[in-house]
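The numbering of the sequence shown is the working numbering, which starts it at 8 and goes up by one.
By construction, the Cβ of each residue, glycine as well, lies at the ideal position given by its N, Cα and C atoms.
What follows is a single structure, written as structure tokens, with notes after it.
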Amino acid sequence: MTNPAVVGFSGNFTRPSKTRGFVDHIVTEIAGRYGLAASTHDVVDLGPSLGNAKWAGDLDGQARGILERIVAADVLVVGSPTYKGSYTGLFKHFFDLVDPAALRGKPVLLAATGGGERHALIVEHQLRPLFGFFEAFALPTAVYASDKDFVDGVLASEAIRTRVGLAVDDVGSALFGRQRARIAAE
Ligand SMILES: Cc1cc2nc3c(=O)[nH]c(=O)nc-3n(C[C@H](O)[C@H](O)[C@H](O)COP(=O)(O)O)c2cc1C
């Protein structure tokens, strides 16, 4: 049996990226706490086939591999920089290629970064409805960090680290609640 996995995906398409670093920080916390295999990807990793893809089958092997990892993940961490009050267009385009039933019931931790605090509710008003469409299990604690929370691209805010800890608690409830439900159904 393969090790259960936490997979991060960030909607940045430039690097260095605070969002990718933020998503990777969360992924590392989850992996450390629950002993999961971990990987983090971003739009840069998807490469050039994304822009022209109308269907998942149009993606090249590398991008399709990332999509398959996301679909197979036991826990997903998704994040995006805020662009014009929402996630990036390429983040949405990538999820437009995902089968509507592929993320059903999957625990998903929602994260975003932005220039300031004004758009902090992007996690509730933009990301949560998107994963609601997929009938994913979007975790109750979503996390947002702004430019001032990073020093040299690394998350420095104690308050945000604490909130990440609460979100990681949610992951445990989702993972072990699911396990209990499976056992009860046997
Ligand atoms: C085109 C563009 C649009 C942006 N729009 C917003 C916005 O609406 N609200 C906000 O808080 N920050 C906005 N920002 C700032 C970025 O969200 C912020 O700097 C983010 O943390 C950058 O993440 P990255 O380092 O991963 O690229 C925008 C930045 C760019 C380049």
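- DSSP, reduced to helix, strand and coil, places residue 159 outside both helices and strands of the structure shown, so it counts as coil.
- Short note on residue 56: C-beta not closer than 7 Å to any heavy atom of ligand 1.
- Distances between the C-beta of residue 126 and the heavy atoms of ligand 1 include at least one below 7 Å.
- For residue 176, the enclosing alpha helix (DSSP H) covers residues 165-192.
- The continuous beta strand (DSSP E) containing residue 46 extends over residues 44-49.
- Taking the C-beta atoms as reference points, residue 73 is found no nearer than 8 Å to residue 97.
- Check the Cα spacing between residue 95 and each of 51, 108, 115: the tightest is with 51.
- Of the heavy atoms belonging to ligand 1, none sits nearer than 7 Å to the Cβ of residue 99.
- Contact check for residue 168 and residue 148: beta-carbon distance about 13 Å, past the 8 Å limit, so the pair fails to qualify.
- If you check the CB distance, residue 117 and residue 145 come in under 8 Å.
- Of 100, 13, 122, the smallest CA-CA separation from residue 43 is found for 13.
- One alpha carbon belongs to residue 38, the other to residue 75, and they sit about 19 Å apart.
- Counting only runs of 4+ residues, the alpha helix (DSSP H) found wholly inside the segment 24-112 occupies 25-41, 50-53, 56-59, 68-79, 96-103, in chain order.
- Residue pairing for residue 144: DSSP places it in a beta bridge opposite 114.
- Per the C-alpha coordinates, the member of 45, 81, 31 positioned closest to residue 143 is 81.
- DSSP places residue 15 in the strand class (E or B) of the three-state scheme.
- Counting of Cβ neighbours within 10 angstroms places residue 166 among the exposed residues, the total staying below 16.
- Burial is judged here by how many other beta carbons sit within 10 angstroms of a residue's own beta carbon; residue 22 has fewer than 16 and is exposed.
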